[in-house]
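In mature numbering (1 follows the signal peptide of the UniProt record, and there is no 0), the protein residues as written are -22 to -1, 1 to 530. So the structure is just underneath, and the comments pick up after that.
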Amino acid sequence: MKHSKLAILVSTALFASAGAYASDGNEATVSQSGDGNVTTVTQQVNSADNVATVDQMGTTNTATVTQANTDFSTADISQDGTLNIGSITQRVNTDTALATIDSTGNSNQADIVQEVNNGANAQATIMQVGDNNIADIDQINGDGATSTINQNSSGDNATIYNHWSDFADATINQNGGIGNNALIDQEASDGADATITQTGDNNTGNIFQETEVYAYNATSDTTVAVLTQEGSGNTGNVDQTGKDNNTDVYQMGNGNDATVEQSGASNMADVDQLGNGDTADVKQFGENGQAYVMQMGNTNNTATVSQYNFNNTAYVDQTGSEHGATVTQYDNDNVANVDQEGSNNSTAVMQSGSSAGMGNLATVMQVGSDDVSSVTQLGELNQAFIDQGSNSFGNNINVMQEGSGNYVGAASDLGDTNSITVNQTGTGNMVTGNANANNWYGNDIGAGTYGADNVVMIDQLGTGNLAYADSADNSSVVDIDQDGVGNEAVAESWLGTDNEIYVSQTGSDNFADVYVSGVGLNTVSVMQTDMNNNAVVNTLGSNNSVMITQGM
């Protein structure tokens, strides 16, 4: 039997004289069962407390509700079936507008538009159960508006758009499915909040917040973005423009990807990932920013933080093996902290100040074997602290500083076959004498190792530089090379046999101080060219060898 199509048009036109409502408290209720039905409800023109309710069961049905210039308006559409379309539009002074669409079935579409002075309590809610559904909420010029989309299957798409809606609160929940997409776009909406929660695999979540201190506070935007994904193969992206904005990204599962980009001052980004093969990328383009990345998983996580202005701080904390951390900071007064616990991890920190930039700080802590740490600093008054913890084997530390007044403290504790390499170019650089240095023998040791077959190499080019290096145990090497005037090299070797210390100084007014205490068979070589140089060598033990060469 064929069902005839039924089209229903309900129109309530309310006209009022100035200062008085013509008609209030209107209600329109439509119930349809069947396929291909169309319902249109229109309530408008200076009326209050209007209610529109549409209930449809079947496929390819369409329900449209329009409420314009009607205070305290409520619209509710319920659809059960497939390929249905529900649409609610509330516009122009619809104070405390309330719009709800509830659909069950596959391939349905729901749209809510609230625009132009919708009042501080406007609410829009879409609930969908089924696969391949589409939900869209647009709120324009609705300060304090609230929007929520709940979807509970696979292949769904949800979008919330806020424009000129300060303090707007947007939430998308997609649970229990795969291949879902969620987007929240908040434009010119100071103080807005955006939250996306996705459970399942291969989902994508995007939050865009573009604010420029348009309205309520001339010095701050304070938007907040929270993105939570539980499952594997998910992608999360947050893009914020403005000041004093916050981002929190939480991902639990394997093979997830998180990207945060913030433009403006005093922004904060926090990315937490629990799983393997995860990737986190944070970019901040303003000053006074803070970036936190924590990755806890067994293997193959990657964290990248890039900060492009001054006085920024980056923290990376990784637990597990074969992780990689990269921090790049441009300009001055930036701080980078990397903490890795596990084996085969790598860290790369690059800090470069502007022509007037100075005072960057890099701290790297690694516990495990076969770890690599690389720090590059360009500018003045930079500091680098690298500590590779106890029982670490096969680790490498590389530090390069170019500028003046820089400091390096590097240590590899209680492990074998480790290496430390420091290269400094400039005036008044030090590998020693900073209270924050951390290694086996204390704060006064610039570069130190404790274990067998370790190597410490320091190369300084410039004047007034100071290098202090230490090694302990057997078959270790300390090599200090200084080229310039008024430099000082201090080297120590403790315990064991077959240790080697080499000091080479090119230039005048240099000083070398070497101390060796061990069983024996240790070698010391000091070479000083030019004039007014001084070398002091003290050895304890048997069968040691000392060679000092001075002059051209």
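Heads up, the beta-carbon is just placed ideally off N, CA and C, and yes, glycines get one too.
Put simply, the backbone Cα of N15 is about 13 Å away from that of D58. Bounds of the beta strand (DSSP E) holding T177 are 171 to 177.
The secondary-structure analysis by DSSP pairs S25 across a beta bridge with T48.
In this structure, the straight-line span from the alpha carbon of F263 to that of F186 is close to 16 Å.
Put simply, of V70, S81, N184 the residue whose alpha carbon is nearest the alpha carbon of L61 is S81.
Rounded to whole angstroms, T225 and T257 show a C-alpha spacing of 16 Å.
Per the coordinates, the alpha-carbon of A75 lies some 38 Å from the alpha-carbon of V260. In this structure G298 is buried. Its beta-carbon is surrounded by 16 or more other beta-carbon atoms within 10 angstroms. DSSP, read as helix, strand or coil, puts Y286 in coil. When N86, A46, I104, T18 are compared, the shortest CA-CA separation from G36 is found for N86. Scanning its chain for C-beta atoms nearer than 6 Å, with the 5 sequence neighbours on each side dropped, one finds around T306 the residues S284, M328, in chain order. D459 and T484 have their alpha carbons spaced roughly 8 Å apart. Within a 10 Å sphere around the beta-carbon of V345 sit 16 or more other beta-carbons, which makes this residue buried. In the three-state DSSP reduction, K261 falls in the strand class (E or B).
Looking only at N401, G404, M408, N477, the smallest Cα-Cα distance to Y428 is reached by N477.
Per DSSP, reduced to three states, the secondary structure at D491 is strand. Annotation: M274 to V433 spans about 31 Å, alpha carbon to alpha carbon.
Counting of Cβ neighbours within 10 angstroms places L518 among the exposed residues, the total staying below 16. Within its own chain, the residues whose Cβ lies closer than 7 Å to the Cβ of A243, once the five positions on either side in sequence are excluded, are K221, G264, E265, N266, listed in chain order. Secondary structure at F371: coil, using DSSP grouped into helix, strand and coil.
By the CB criterion at 8 Å, T173 and V204 fall inside the cutoff.
Note on geometry: alpha-carbon atoms of V524 and V294 lie some 45 Å from one another. Exposure of E5 is indicated by the presence of fewer than 16 other C-beta atoms within 10 angstroms of its C-beta. With 16 or more neighbouring CB atoms inside 10 Å of its own CB, V43 falls in the buried class. By the criterion of a C-beta distance shorter than 6 Å, D54 is surrounded in its chain by T31, T78, once the five residues flanking it on both sides are discounted. Residue pairing by DSSP places T297 opposite M274, E319 in a beta bridge.
With a threshold of 16 other beta carbon atoms within 10 Å, N488 meets it and is buried. In this structure G3 is exposed. Its beta-carbon is surrounded by fewer than 16 other beta-carbon atoms within 10 angstroms. Under the three-state reduction of DSSP output, S56 falls in the strand class. For F363, the enclosing beta strand (DSSP E) begins and ends at 361 to 366. When DSSP assignments are scanned along the stretch 76 to 107, no uninterrupted stretch of alpha helix (DSSP H) that is 4 or more residues long falls wholly within it. By the Cβ-count criterion, T527 is exposed, with fewer than 16 other Cβ atoms from all chains shown falling within 10 Å of its own Cβ.
Considering only G231, V249, N245, N111, the residue with the shortest C-alpha distance to T237 is V249. Short of 6 Å from the beta carbon of N287, and not among the five residues preceding or following it, lie these beta carbons of its own chain, in chain order: G264, E265, D309. DSSP, read as helix, strand or coil, puts L518 in strand. For N158, no beta strand (DSSP E) segment is defined, and its DSSP state is neither H nor E.
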